[in-house]
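Participant: Here's a structure for you.
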Amino acid sequence: MRLDQFLVQRGVATSREHAKSLILKGQIGLGLRPSLQITDKLATQLQTLKPQPKRFVGRAGEKLWGFLEQHPLDCQNKVVLDVGSSTGGFAQVLLEKGAGRVVCVDVGQGQLAKELRENPKIELHESCDIRAFQPSQIYDLLVCDVSFISLRLLLATLAPLSSQLLLLFKPQFEVGLRVKRNKKGVVLDQAAINQSLQEFLTLAQNLGLKVCCVCESALKGKAGNVEIFILLERG
1 MRLDQFLVQR
11 GVATSREHAK
21 SLILKGQIGL
31 GLRPSLQITD
41 KLATQLQTLK
51 PQPKRFVGRA
61 GEKLWGFLEQ
71 HPLDCQNKVV
81 LDVGSSTGGF
91 AQVLLEKGAG
101 RVVCVDVGQG
111 QLAKELRENP
121 KIELHESCDI
131 RAFQPSQIYD
141 LLVCDVSFIS
151 LRLLLATLAP
161 LSSQLLLLFK
171 PQFEVGLRVK
181 RNKKGVVLDQ
191 AAINQSLQEF
201 LTLAQNLGLK
211 VCCVCESALK
221 GKAGNVEIFI
231 LLERG
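In terms of the working numbering, the sequence shown is residues 1 to 235.
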């Protein structure tokens, strides 16, 4: 087993990317590398490493936190619409960043973490497709992290709901089923990714939205797919 895999298994790192970062910064030990094969002796030495407490209720929280560290958005006292809220990773980060209220919408049911479900600043709409959602207002910010559907099918619905939209673009749901992937479902055709991204950005512009930022998430999807944050604003 590789060192980076070992650290994830032990809970010292949240992902192989996180493990690689810890190793290269020398936080695990000097002179180590991510691909180092674990020996019994090294495994014994590493047993003293303590698992890191999970900061967020889902991996989405890590992704959004990483983006906001590099591209800060003013969330203070904002009312935010969270589309595809799932366990609440995005919502948790938004509240930490000062959001006044987060309206969570998800087609699933029973996914939102208990601590968020009980938070009075959370308004939850479960078993609700955003295309059938009845908004009570225009929101200060809209964030969206959905799976198994193309953002192109949702953008016309999302665009009128806020003047500022932060979307997580997932190529595996955008490029079509015929595009080459590995056994884990990771898209291998970079040209197809680039084309689908450009088509989406063109669609956004045709809907009157300005493309303010396109930034790859520091944390990949679970299978290893690249995911891309897109910040759009209405002029």
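We put the beta carbon where it would ideally sit given N, CA and C, even for glycine.
Remember, predicted model here, so these are calculated numbers, not experimental data.
Out of Lys-222, Leu-166 and Ile-28, which one is the CA nearest neighbour of Gly-185?
Facilitator: The sequence position of residue 185 within the sequence shown is 185, counting from 1. Measuring from the Cα of Gly-185, the nearest candidate turns out to be Lys-222.
Participant: When the Cα atoms are used, what is the spatial distance from Pro-160 to Leu-168?
Facilitator: Along the sequence shown, one-based indexing puts residue 160 at 160. Along the sequence shown, one-based indexing puts residue 168 at 168. Each residue's Cα considered, the two are about 18 angstroms apart.
Participant: Is the CB-CB distance between Cys-75 and Leu-116 below 8 angstroms?
Facilitator: Indexing the sequence shown from 1 puts residue 75 at position 75. Indexing the sequence shown from 1 puts residue 116 at position 116. Going by C-beta atoms, Cys-75 is not nearer than 8 angstroms to Leu-116.
Participant: Which residue marks the beginning of the alpha helix (DSSP H) containing Gln-45, and which one marks its end?
Facilitator: For this step, residue 45 is matched to residue 45 along the sequence shown. Residues 40-46.
Participant: Using only the alpha-carbon positions, how far apart do Ala-191 and Cys-215 sit?
Facilitator: Position 191 of the sequence shown, counting from 1, holds the residue named residue 191. Position 215 of the sequence shown, counting from 1, holds the residue named residue 215. Going from the Cα of Ala-191 to the Cα of Cys-215 covers about 17 angstroms.
Participant: Once the 5 residues before and after Ala-60 are set aside, which same chain residues still bring their CB inside 6 angstroms of it?
Facilitator: Against the sequence shown, residue 60 aligns to sequence position 60. If we look at Ala-60 and ignore the five residues flanking it on each side, its Cβ neighbours are Gly-89, Phe-90 and Asp-145.
Participant: What residue from Leu-177, Val-102 and Arg-2 has the CA that sits closest to Gln-37's CA?
Facilitator: As a first step, residue 37 is located in the sequence shown; it is residue number 37 there, counting from the start. With distances taken between Cα atoms, Gln-37 lies closest to Arg-2.
Participant: Relative to the C-alpha of Gln-164, which residue among Leu-203, Val-143, Ala-156 and Phe-200 is closest?
Facilitator: Within the sequence shown, the letter at position 164 stands for residue 164. Among Leu-203, Val-143, Ala-156 and Phe-200, the Cα nearest to that of Gln-164 belongs to Val-143.
Participant: Could you pull the DSSP bridge partners for Phe-229 from this structure?
Facilitator: Within the sequence shown, numbered from 1, the residue matching residue 229 stands at position 229. Answer by DSSP bridge pairing, in chain order: Leu-168 and Cys-215.
Participant: If you reduce the DSSP assignment to three classes, tell me which class Asp-4 lands in.
Facilitator: Translated into the one-based positions of the sequence shown, residue 4 becomes position 4. Note: Asp-4 maps to helix in three-state DSSP.
Participant: Would you decide whether Leu-124 is buried or exposed? Buried here means 16 or more other CB atoms lie within 10 Å of its CB.
Facilitator: Here the question's residue 124 lines up with position 124 in the sequence shown. With 16 or more other Cβ atoms within 10 Å, it is buried.
Participant: Could you compute how far the alpha carbon of Leu-241 sits from the alpha carbon of Thr-44?
Facilitator: Here the chain has residues from 1 to 235 only, and residue 241 is not among them.
Participant: Pairs of beta-carbons, one from the segment 171-184 and one from the segment 98-111, closer than 8 angstroms: are there three or more?
Facilitator: No, because fewer than three Cβ pairs between the segment 171-184 and the segment 98-111 fall closer than 8 angstroms, the two stretches do not touch.
Participant: Would you call Ala-132 buried or exposed, if buried means 16 or more other Cβ atoms sit within 10 Å of its Cβ?
Facilitator: Indexing the sequence shown from 1 puts residue 132 at position 132. Looking at its Cβ environment, which holds fewer than 16 other Cβ atoms inside 10 Å, Ala-132 is exposed.
Participant: Can you tell me whether DSSP reads Lys-114 as helix, strand or coil?
Facilitator: One-based indexing of the sequence shown puts residue 114 at position 114. Three-state DSSP puts Lys-114 in a helix.
Participant: Within the continuous alpha helix (DSSP H) that includes Val-93, where are the two ends?
Facilitator: Locating residue 93 in the sequence shown gives position 93, where the first residue counts as 1. Run containing Val-93: 89-96, per the alpha helix (DSSP H) assignment.
Participant: CB Phe-67 to CB Phe-173, shorter than 8 angstroms?
Facilitator: Locating residue 67 in the sequence shown gives position 67, where the first residue counts as 1. Locating residue 173 in the sequence shown gives position 173, where the first residue counts as 1. No.
Participant: Among Gly-224, Ile-23, Gly-84 and Ala-113, which residue has its Cα nearest to the Cα of Phe-56?
Facilitator: Translated into positions along the sequence shown, residue 56 becomes position 56. Among Gly-224, Ile-23, Gly-84 and Ala-113, the Cα nearest to that of Phe-56 belongs to Ala-113.
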